[in-house]
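Numbered per numbering that gives the first Met the number 0, the sequence shown spans residues 0 to 391. Quick reminder that beta carbons are idealized off the backbone N, C-alpha and C, glycines included. This structure is a prediction, so every number in the text was calculated from the model and none was measured.
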Amino acid sequence: MIFEPLASDFYGFESLLTAPEQEAIARLRAWAETEAKPIVNEYWERAEFPKHLITPLLELDVARWAWPETMPFENSAVFRGLASMELSRIDASISTFVGVQDGLTMGSISECGSQEQQDEWLPKLASGEVLGAFGLTEPQSGSDSAQGLRTTATRDGDDWILSGSKRWIGNATFSDITIIWAKDTADGQVKGFIVPTDSPGYSATKIEGKISLRMVQNADITLENVRVPERLRLQHANSFRDTAKVLRLTRAGVAWSSVGVAVGAYEAAVAYAKERVQFGKPIAGHQLIQDLLSKCLGNITASMAMCVRVSQMLDEGTQRDEHSALAKAFCTARMRETVAWAREIMGGNGIVLDYHAARFFADAEALYSYEGTREMNALIVGRAITGTAAFV
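Take a look at the structure:
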């Protein structure tokens, strides 16, 4: 399949990809344009996830690329970031599904699981035989997850008893397993568990009434004395520092997704501006419209450059928490500006789904907040700058 660079990749970052990486991006782009784009507005409006897309999407290997146990070919973090961007420029909910399946669920097992756990679960998750979710956030604990986690884990012989609740857990209405993070009542440390969702005492209830990422099936999870065998405890998750290893990887992924949302809104605005006629000519020929489009492209290009570099640092082994935090904070803020300008270009038409900008505009709000708010990421960066923590 022939790879064609995006016009929105103004500085040609996609030229950094190898030939196999470009071919994989081309396949993913063709699938997203033909299979996903025609139906996303309908499913977004109904607040349903198009589950029939899961198998063909995972057959494109999107959940295999990052992990040695499943990797079909050698690839870079830049490639994986651009793939996330590709999905998000069509729809952020589909990209979020992959981020939960690949980044959070598989990432938890890859970073914190034993070799036996990796061998057992990663191939099943990569193929879609098993669908996963990631349970960290709680009704009373979001930004303060490191200290405020209330879900408990109590050792009972060869089992653990989990009790508590989780909130905003993506994919949780249809996942087969959920990675649950809980505080050990014996030592007070956060530990991770692979919890089958058919376990007695486990329940997940869909969160209704969302205005953002409506296709993502977020759930409230209740754990009432859920019994989990020791073999399903992530063997290398012994404190919140281990949880943070996973978040460091996925936080940069959210930055890439935010670039994709900005690109999707920008592309929709460009197409609209070329077709919409006012005062006798397409509005693309008006100075104010060109100014807005130029500012959109500037935000996209700056954000893409930051994401490329932080991904290169991941491959080099030099990426630290503050690097991914700065990328997430900066790129989501620039995304928020960009989708607003794209919607503005469309005037009243910008608030209906027909022209796509409204969906990107709404979905941007969730990306701006999850995986660490802008403020929390700013404090992670601020700690690196000053050497002083200012979280409380």
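Query                                                                                                                                                                                                     : Result
Label D362 either buried or exposed according to how many other C-beta atoms from any shown protein chain fall within 10 Å of its C-beta, with 16 as the threshold for buried.                            : buried
State the start and end residues of the unbroken alpha helix (DSSP H) segment that holds P228.                                                                                                            : Premise fails: P228 lies in the beta strand (DSSP E), A218 to P228, not in any alpha helix (DSSP H).
Cα separation between W120 and G346?                                                                                                                                                                      : 48 angstroms
So what does G163 bridge to, in DSSP terms?                                                                                                                                                               : L222
Do the CB positions of L52 and E34 come within less than 8 angstroms of each other?                                                                                                                       : yes
Between the C-alpha atoms of L56 and R247, what's the straight-line distance to the nearest angstrom?                                                                                                     : 25 angstroms
My guess is that M305 and F12 are in contact by the Cβ rule of under 8 angstroms, so how many angstroms apart are they, rounded?                                                                          : Incorrect: roughly 11 angstroms between the Cβ atoms, too far for contact.
Among R232, L366 and D175, which one has its Cα closest to the Cα of T153?                                                                                                                                : R232
Which value, in whole angstroms, describes the spacing of the CA atoms of L325 and V276?                                                                                                                  : 40 angstroms
Within its chain, find whatever has a CB closer than 6 angstroms to the CB of R382; leave out the 5 residues flanking it on each side and keep chain order.                                               : A388
Starting from the Cα of I24, find the closest Cα among F192, A254, V258 and M84 and give me that residue.                                                                                                 : M84
Looking only at its own chain, which residues have a Cβ that is under 7 angstroms from the Cβ of A357, when we skip the five neighbours before and after it?                                              : R342, G349, I350 and V351
Could you give the C-beta distance for L81 and L16, rounded to a whole number, given that I count them as a contact under 8 angstroms?                                                                    : 7 angstroms
Which residue from V307, A328 and W66 puts its Cα closest to that of Y10?                                                                                                                                 : V307
Of all the options I93, E68, L287 and N237, which has the alpha carbon lying nearest to the alpha carbon of K123?                                                                                         : E68
With F133 as the anchor, note down where its beta strand (DSSP E) starts and where it stops.                                                                                                              : G131 to G134
How would you label F329, buried or exposed, when you count the other beta carbons within 10 angstroms and need 16 or more for buried?                                                                    : buried
Can you tell me where the alpha helix (DSSP H) with K123 in it begins and where it stops?                                                                                                                 : Q114 to S126
Which partner residues of W180 appear in the DSSP bridge assignment?                                                                                                                                      : G191
Whether or not the region 287-294 and the region 366-380 are in contact is what I'm after, with contact meaning three or more pairs of Cβ atoms, one per stretch, closer than 8 angstroms; do they touch? : no
Locate the beta strand (DSSP E) running through R319, then write down its first and last residues.                                                                                                        : Premise fails: R319 is in no beta strand (DSSP E) and is neither H nor E.
List the whole-angstrom C-beta distance separating V227 from V194, where the pair is believed to meet the contact cut-off of C-beta under 8 angstroms.                                                    : 6 angstroms
Would the region 88-96 count as touching the region 37-49 if we require 3 or more Cβ pairs under 8 angstroms?                                                                                             : yes
Express the C-alpha separation of R333 and W255 in angstroms, rounding to a whole number.                                                                                                                 : 12 angstroms
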